[in-house]
Amino acid sequence: MGNIQHYITSRQLNPTIWLVVILLLLTSCDRNRLTQMEDDGIILAFGDSLTVGVGTSPATAYPSILSELSGHAVINAGVSGETTSEGLGRWPEIIEQTAPQLIILLEGGNDILRNKNHQKIKQNLAEMIEYAQEKQIEVVLIGVPAKNILFSVAPFYNELAKEYSLIYSANLLPDLLRDANYKSDAIHLNEKGYHILAQSIHEMLIAKGALTN
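Here is the structure:
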């Protein structure tokens with residue numbers, strides 16, 4: 048961006064070049080934005096027990112709260128205990144069945160707990176993301192903590208977000224799981240925790256342009 052600005056200020060540009068520069072600047076500014084949801088647009092919440100809402104009731108799982116906050120249908124496609132290999136297996140079918148405009152992907156915790164190879168987890172998630180992007184469906188990625196006492200996010204989530212230019216939250220889930228006030232057990236949230244998860248995702252979708260206030 049600095050090189051472009053220097054070029055603009057130090058040279059006289061003809062109108063055609065000005066137009067190209069403006070388009071480049073707009074593209075750069077918008078690359079971390081989401082398409083605004085259509086009025087009847089569907090959000091697919093895909094993942095494992097944290098999406099199901101283990102530790103609270105279905106009515107207070109994060110997809111239910113997010114639906115109330117956003118005014119959009121949010122389909123809870125969570126499966127307790129699911130690994131990314133299993134998730135990848137059902138990914139195309141659930142997308143075809145639900146036709147979402149936006150997917151919130153929160154998956155990988157069970158692989159990490161079972162000491163699965165991180166490169167394989169990343170590959171499975173990458174295949175999910177690529178499939179969705181080929182279908183012109185935007186994906187929001189929620190990072191999952193690695194298996195450590197600090198609950199820091201597993202590094203491959205950062206890599207995926209960068210490689211696929213995803214809207215991404217690295218700290219939301221780790222921060223909640225560090226605080227016993229928001230947990231029902233060692234790896235699941237309680238009602239308060241899921242409510243904060245939903246609120247935070249809702250605010251992120253507003254900030255990134257998918258939803259309006």
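Residues in the sequence shown are numbered from 48 upward in steps of one, following the working numbering.
No residue lacks a Cβ here, since even glycine has one placed at the ideal position from N, Cα and C.
Could you give the first and the last residue of the continuous beta strand (DSSP E) run that contains residue i?
i, result
"Ser96", "Element bounds for Ser96: not the beta strand (DSSP E) but the alpha helix (DSSP H), Ser96 to Val99."
"Gly125", "Val121 to Gly125"
"Glu185", "Glu185 to Ile189"
"Leu152", "Leu149 to Leu153"
Measuring straight from C-alpha to C-alpha, what distance separates residue i and residue j?
i, j, result
"Gly100", "Thr107", "7 Å"
"Ile196", "Asp158", "17 Å"
"Val186", "Ile142", "12 Å"
"Leu160", "Tyr215", "22 Å"
"Leu153", "Ser199", "15 Å"
"Arg137", "Asp226", "32 Å"
Contact check, residue i vs residue j under 8 Å by CB: the rounded distance?
i, j, result
"Gln179", "Ile150", "In the sequence as displayed, the identity of residue 179 is Ala instead of Gln. Rounded, the Cβ-Cβ distance is 6 Å, consistent with contact."
"Ile122", "His242", "About 19 Å; that fails the 8 Å criterion."
"Leu97", "Leu236", "7 Å"
"His165", "Ala201", "7 Å"
Would you mind stating whether residue i and residue j have Cβ atoms separated by less than 8 Å?
i, j, result
"Ser247", "Leu219", "yes"
"Gly94", "Gly125", "yes"
"Met175", "Leu135", "yes"
"Leu81", "Lys194", "no"
"Ile89", "Thr130", "no"
Residues in its own chain within less than 6 Å of residue i by CB, not counting five upstream and five downstream?
i, result
"Tyr204", "Gly190"
Could you spell out the range, first to last residue, of the alpha helix (DSSP H) harbouring residue i?
i, result
"Ser216", "Note, Ser216: premise wrong, no alpha helix (DSSP H); beta strand (DSSP E) at Ile214 to Ser216."
"Pro110", "Tyr109 to Ser117"
"Leu252", "Glu238 to Ala254"
"Gln166", "His165 to Glu181"
"Tyr204", "Pro202 to Glu210"
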